[in-house]
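A quick write-up on the structure given underneath.
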Amino acid sequence: MRPKLVVGNWKMNGSRAGNATLVAGLLAGLDGANASCAVCVPAPYLPQCEQLLAGTPVAWGAQDVSQHASGAYTGEVSAAMLADFSCRYVIVGHSERRAYHGESSELVAHKAKAALEAGLTPIVCVGETLDQREAGQTASVVGSQLAAVLELLDDAQVEKIVVAYEPVWAIGTGRNATPEMAQEVHAQLRMQLKERSVQAGASVAILYGGSMKPDNAKELMAQPDIDGGLVGGAALKAADFLAILHAA
Ligand code: PEP
């Protein structure tokens with residue numbers, strides 16, 4: 352059985368004071384959790400989170416990374432910089448970045464590679480829009496998003512990624528995929544990983560994201576190919592995030 356992982360995506364939320372309260376609440380409620388957990392925070396708060404979380408069971412990470420190593424890329428943050436703040440994870444290809452910043456699957460693949468080369472674990476997000484689902488394109492859309500990453504990475508790198516299936520229509524909408532809908536896509540993604548590397552198929556964690564909440568987390572994470580969650584809105588309240596973590 353693969354270990355479960357629950358990751359909070361704070362998105363563009365937080366403040367120094369608010370983060371301190373949220374993290375204190377999280378740390379107070381971890382006992383008895385069966386899953387690993389992490390928070391992906393806005394880049395300016397990485398030093399604060401490193402200070403608050405070092406030596407605790409909660410890992411931290413970022414929400415995006417540059418594909419470039421260094422240089423004249425104003426506003427970008429490199430993977431080495433994230434590693435400098437002891438990040439373990441970085442989200443790449445979140446649907447909000449694909450939609451609002453025009454990130455292609457090829458760019459996402461290069462970001463995943465840059466992360467791996469700096470010793471970080473990329474959480475590679477894939478997911479279809481509502482129109483694509485209704486047009487019967489879910490399998491081809493998520494398949495091609497993952498394929499771009501698998502093409503660029505070598506086998507050893509593929510084995511180190513985390514994949515997150517996040518149907519775009521479920522993100523921040525309160526409308527989650529049913530466990531059966533999510534499991535169907537997760538099984539497809541696992542098969543795709545397995546065809547590339549038997550080891551990757553067996554060991555890569557595939558998280559579900561999209562309105563995961565305390566009341567649906569258990570059923571979702573009970574599915575055989577759902578190895579945890581990528582949690583947005585519910586990660587901003589310690590009690591909700593902890594309830595999801597304990598449901599794993
Ligand atoms: C996300 O943005 O990664 C996400 C899953 O958001 P939410 O849980 O709010 O749907």
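With this note's numbering, the residue at position 37 of the sequence shown is 388, and numbering never jumps.
We put the beta carbon where it would ideally sit given N, CA and C, even for glycine.
Just so you know, these numbers come straight off a predicted model, no measurement behind them.
Could you check which residue in the options has the C-alpha nearest to that of residue i?
i: glutamate 502; options: Leu458, Ala386, Asp482 and Gly525; result: Leu458
i: glycine 494; options: Cys391, Tyr559, Ala538 and Asp578; result: Ala538
i: glutamine 508; options: Thr529, Glu479 and Ala551; result: Ala551
i: phenylalanine 592; options: Lys569, Asp576 and Ala420; result: Lys569
i: alanine 498; options: Leu544, Ala430, Lys464 and Val443; result: Leu544
i: serine 491; options: Glu447, Ala431, Val536 and Thr425; result: Val536
i: asparagine 364; options: Met352, Cys476, Tyr396 and Gly376; result: Tyr396
i: cysteine 388; options: Glu401, Gly406, Trp411 and Asn370; result: Trp411
i: glycine 406; options: Gln534, Ala384, Leu378 and Ala463; result: Leu378
i: alanine 413; options: Ala420, Glu531, Met432 and Gly523; result: Met432
i: serine 369; options: Glu510, Leu403 and Met352; result: Residue identity differs from the one stated: residue 369 is glycine in this sequence, not serine. Nearest of Glu510, Leu403 and Met352 to glycine 369, Cα basis: Leu403.
i: alanine 463; options: Ala434, Cys438, Ile512 and Ala450; result: Ile512
i: glutamate 546; options: Met563, Ala521, Gln574 and Glu510; result: Glu510
i: glycine 656; options: Met532, Ala556, Asp506 and Lys564; result: Beyond the ends of the chain as shown, which are 352 and 599, falls residue 656; an answer cannot be given.
i: tyrosine 451; options: Val519, Ala386, Gly422 and Glu401; result: Val519
i: valine 443; options: Ala594, Ser417 and Thr489; result: Ser417
i: alanine 528; options: Val390, Cys400 and Ile577; result: Ile577
Less than 6 Å between the CB of residue i and some heavy atom of ligand 1, yes or no?
i: glycine 579; result: no
i: glycine 561; result: yes
i: glycine 552; result: no
i: valine 519; result: no
i: valine 441; result: no
i: glycine 369; result: no
i: asparagine 385; result: no
i: asparagine 360; result: yes
i: glycine 584; result: yes
i: glycine 406; result: no
i: glycine 453; result: no
i: glycine 523; result: yes
Terminal residues of the continuous alpha helix (DSSP H) containing residue i?
i: alanine 413; result: Segment 409-413 is the beta strand (DSSP E) holding alanine 413; no alpha helix (DSSP H) there.
i: leucine 596; result: 589-598
i: leucine 558; result: Not the alpha helix (DSSP H): leucine 558 falls in the beta strand (DSSP E), residues 557-560.
i: arginine 514; result: It should be pointed out that residue 514 corresponds to valine in this sequence rather than to arginine. Where valine 514 is concerned, there is no enclosing alpha helix (DSSP H), although the beta strand (DSSP E) it sits in stretches over 513-516.
i: glycine 376; result: 367-379
i: valine 582; result: No alpha helix (DSSP H) holds valine 582; the beta strand (DSSP E) holding it covers 579-582.
At what residues does the beta strand (DSSP E) containing residue i begin and finish?
i: alanine 389; result: 387-391
i: asparagine 360; result: 356-360
i: tyrosine 440; result: 440-443
i: threonine 472; result: 472-477
i: glycine 453; result: Glycine 453 -> no beta strand (DSSP E), and no H or E assigned at all.
What's the call for residue i, buried or exposed, on a 16-neighbour Cβ count within 10 Å?
i: valine 549; result: exposed
i: glycine 359; result: buried
i: glycine 478; result: buried
i: histidine 445; result: buried
i: leucine 373; result: buried
i: serine 456; result: buried
i: glycine 560; result: buried
i: glycine 426; result: exposed
i: lysine 588; result: exposed
i: methionine 542; result: exposed
i: arginine 449; result: buried
i: proline 473; result: buried
i: tyrosine 516; result: buried
i: glutamate 447; result: buried
i: methionine 352; result: exposed
i: glutamate 454; result: buried
i: aspartate 415; result: buried
Does any CB atom of chain B fall closer than 7 Å to the CB of residue i?
i: proline 398; result: No chain B appears in the structure shown, which is made up of a single protein chain.
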